[in-house]
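Undergrad: The sequence shown begins at 1 in the numbering used here and counts up by one. After the structure tokens below, expect a handful of questions from me.
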Amino acid sequence: MVNGYAPISLREALELMAAHKLTPYAGGTDLMIEEKREDSFLFLHKIPELKQVSDDGEYIRFGAACTFTELLEHSLTPALLKEALSRIAAPAIRDEGTIGGNIANGSAKADSALIFFVADAQLKLAGAGGERLLPIKDFYLGRKRLDRRPDELLVEVLLPKKWLGSYYYQKIGARKALAISRLSFAGLLTIEDGKIAHCATAFGAVSDVIIRRADIDAMLIGKTPAEGKAAKAAYLAAFNEAIIPIRGRVSAEYRKTVCLNLLGDFLERFGI
Ligand SMILES: Cc1cc2nc3c(=O)[nH]c(=O)nc-3n(C[C@H](O)[C@H](O)[C@H](O)COP(=O)(O)OP(=O)(O)OC[C@H]3O[C@@H](n4cnc5c(N)ncnc54)[C@H](O)[C@@H]3O)c2cc1C
1 MVNGYAPISL
11 REALELMAAH
21 KLTPYAGGTD
31 LMIEEKREDS
41 FLFLHKIPEL
51 KQVSDDGEYI
61 RFGAACTFTE
71 LLEHSLTPAL
81 LKEALSRIAA
91 PAIRDEGTIG
101 GNIANGSAKA
111 DSALIFFVAD
121 AQLKLAGAGG
131 ERLLPIKDFY
141 LGRKRLDRRP
151 DELLVEVLLP
161 KKWLGSYYYQ
171 KIGARKALAI
181 SRLSFAGLLT
191 IEDGKIAHCA
201 TAFGAVSDVI
211 IRRADIDAML
221 IGKTPAEGKA
231 AKAAYLAAFN
241 EAIIPIRGRV
251 SAEYRKTVCL
261 NLLGDFLERF
271 GI
């Protein structure tokens, strides 16, 4: 039997989280496949603050308990995020699964988390000690290890609006639909006034945590596409060093080769 609390405001939810040992329960699509759980749950579906979507000029702010379907249907959801969400599972899972659960489950295969990584999104967490914002990259400490205190809830994802328009996205699965990522890649690249104004990449399902190496991407920023081409070999070599794949259903060698091929294809798409 599943037991727990179903608060109707964020304030009530945080009071309950502070007073009891509770596991947040959003859509349950990850939690319910875990065997034999004894937890008491905090059900998030009735908390209006976690279901809001707004645009504050700099960020699109998504409530953590928004489902994939709700965001696919929302006019503020950018095309790149919609593309990734539309490739998650099947409609029944998309109706229940939330972005907060996708992020807080701590998997490097999480398809919405990949987009939040490449865009350098910020996460808003709230708990007994108040609220804090942190870059999504810092939330992940390792496989299934997160910078989240037991009394904290993930409240909001702040997606920077700048640079999202010009993107490249690939999800490699065993099938075209209903497939968990064997590997996923997202890249953002903007050329302004003949120079690479922004370049960001993220690799999912390769390592314990989604790989985002802004320091390597910076090798291309400020260059013309021709200069970028000249720097391409060094850029690819740097990622070849940085990507240390884990063995899973597919071999580490396969993962590394596909990562580098996708990276090359991404640059070619932008004439680099
Ligand atoms: C058949 C199937 C196919 C799937 N296919 C895909 C796929 O293609 N791509 C993909 O990315 N995922 C896939 N998933 C995984 C899953 O649907 C997603 O990870 C989903 O986003 C989880 O969200 P949820 O709301 O169901 O999370 P839940 O199961 O409710 O929670 C997951 C974890 O997050 C924690 N949590 C949830 N919300 C919060 C919060 N606000 N604050 C703090 N902690 C929180 C919970 O305590 C739990 O530890 C699939 C799952 C199934 C069963």
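Here a beta-carbon is modelled for each residue, glycine too, at the ideal position from N, C-alpha and C.
With a Cβ-Cβ cutoff of 9 Å, do Pro-7 and Phe-43 count as a contact?
TA: The answer is yes: Cβ separation under 9 Å.
Undergrad: Measure the beta-carbon distance from Asp-95 to Thr-67 and round it to whole angstroms, keeping in mind my assumption that it falls under 8 Å.
TA: That pair is a contact at about 6 Å.
Undergrad: One question on the structure: do Leu-125 and Ile-99 come within less than 9 Å of each other, judged by their Cβ atoms?
TA: Not in contact: Leu-125 and Ile-99 (Cβ atoms no closer than 9 Å).
Undergrad: Using DSSP's beta-bridge definition, name the partner residues of Arg-145.
TA: Answer by DSSP bridge pairing, in chain order: Gly-142.
Undergrad: Per the contact definition of three or more C-beta pairs closer than 8 Å, is the region 121-138 in contact with the region 71-89?
TA: In short, these stretches do not touch, since the Cβ pair count stays below three.
Undergrad: Does the distance from the CB of Tyr-168 to the CB of Leu-189 come in under 9 Å?
TA: Contact flag set, yes.
Undergrad: Candidates Ala-121, Glu-131 and Gly-101: which alpha carbon is nearest Ile-60's?
TA: Residue Ala-121 is the option with its Cα nearest to Ile-60.
Undergrad: Output yes or no for whether 9 Å exceeds the beta carbon distance between Val-206 and Ile-243.
TA: Going by C-beta atoms, Val-206 is nearer than 9 Å to Ile-243.
Undergrad: Going by DSSP in three states, Glu-155 sits in which element: helix, strand or coil?
TA: This sequence places Val at residue 155; Glu is not what is there. Three-state result, Val-155: strand.
Undergrad: Whole beta strand (DSSP E) runs in the region 173-226 with 3 or more residues, listed along the chain?
TA: Within the region 173-226, the complete beta strand (DSSP E) runs of at least 3 residues are 183-192 and 195-204.
Undergrad: Considering only residues of the same chain and omitting the five flanking positions on each side of Glu-131, which have a CB-CB separation below 8 Å?
TA: Counting only Cβ-Cβ distances below 8 Å, and skipping sequence neighbours, we find Lys-124, Leu-125 and Val-155.
Undergrad: Helix, strand or coil for Pro-91, going by three-state DSSP, please let me know.
TA: Reduced to three states, the DSSP call for Pro-91 is helix.
Undergrad: Among the residues of its own chain, which have a CB less than 8 Å from the CB of Leu-260, if the five just before and after it don't count?
TA: Hits under 8 Å: Leu-236, Phe-239, Asn-240 and Ile-243.
Undergrad: Could you give the DSSP three-state label for Gly-63: helix, strand or coil?
TA: Correct three-state label for Gly-63: strand.
Undergrad: Return yes when at least one heavy atom of ligand 1 lies under 8 Å from the C-beta of Ser-120, else no.
TA: The question names Ser, but residue 120 in the sequence shown is Asp. Result no, Cβ not under 8 Å from ligand 1.
Undergrad: Regarding Ile-244 and ligand 3, is the C-beta to nearest heavy atom distance less than 8 Å?
TA: In terms of ligand content, the structure shown lacks ligand 3 and carries ligand 1 instead.
Undergrad: So what does Tyr-169 bridge to, in DSSP terms?
TA: Partner(s): Ala-186.
Undergrad: When the Cα of Met-17 is compared with those of Gly-101, Asp-151 and Lys-137, which residue comes out closest?
TA: Here the closest residue by C-alpha is Asp-151.
Undergrad: Taking the alpha helix (DSSP H) that Gly-57 belongs to, which residues open and close that run?
TA: No alpha helix (DSSP H) contains Gly-57, which DSSP labels as neither H nor E.
Undergrad: Would you say Ser-75 lies against chain D (beta-carbon separation less than 9 Å)?
TA: Considering every chain present, this structure includes no chain D. It has just one protein chain.
Undergrad: Can the beta-carbon of Ile-136 be found less than 9 Å from the beta-carbon of Ala-113?
TA: Result yes, Cβ atoms of Ile-136 and Ala-113 sit closer than 9 Å.
Undergrad: Is it buried or exposed, Ala-226, if we count other Cβ atoms within 10 angstroms and call 16 or more buried?
TA: It is exposed - the Cβ of Ala-226 has fewer than 16 other Cβ atoms within 10 Å.
Undergrad: Taking 8 Å as the line, does the beta carbon of Asn-3 fall inside it for any heavy atom of ligand 1?
TA: No, since every heavy atom of ligand 1 falls outside the 8 Å radius drawn around the Cβ of Asn-3.
Undergrad: Report the rounded CA-to-CA distance for Ala-197 versus Ile-33, giving the unit in angstroms.
TA: Roughly 43 Å separates the two Cα atoms.
Undergrad: For my contact list, Lys-229 and Ile-172 are in at a C-beta cut-off of 8 Å; report their separation, rounded to the angstrom.
TA: The pair is not a contact, with the Cβ atoms about 26 Å apart (cut-off 8 Å).
Undergrad: Measuring from the CB of Lys-195, is there a heavy atom of ligand 1 at a distance below 8 Å?
TA: Because no heavy atom of ligand 1 lies under 8 Å away, the Cβ of Lys-195 does not count as near it: no.
Undergrad: Say the cut is 8 Å; is the CB of Val-250 nearer than that to a heavy atom of ligand 1?
TA: It does not: the Cβ of Val-250 is nowhere closer than 8 Å to a heavy atom of ligand 1.
Undergrad: Compute the minimum distance between the beta carbon of Ser-54 and the heavy atoms of ligand 1, and state whether it is under 8 Å.
TA: No, the beta carbon of Ser-54 sits no closer than 8 Å to any heavy atom of ligand 1.
Undergrad: Under three-state DSSP, which class holds Leu-44?
TA: It is coil, neither helix nor strand.
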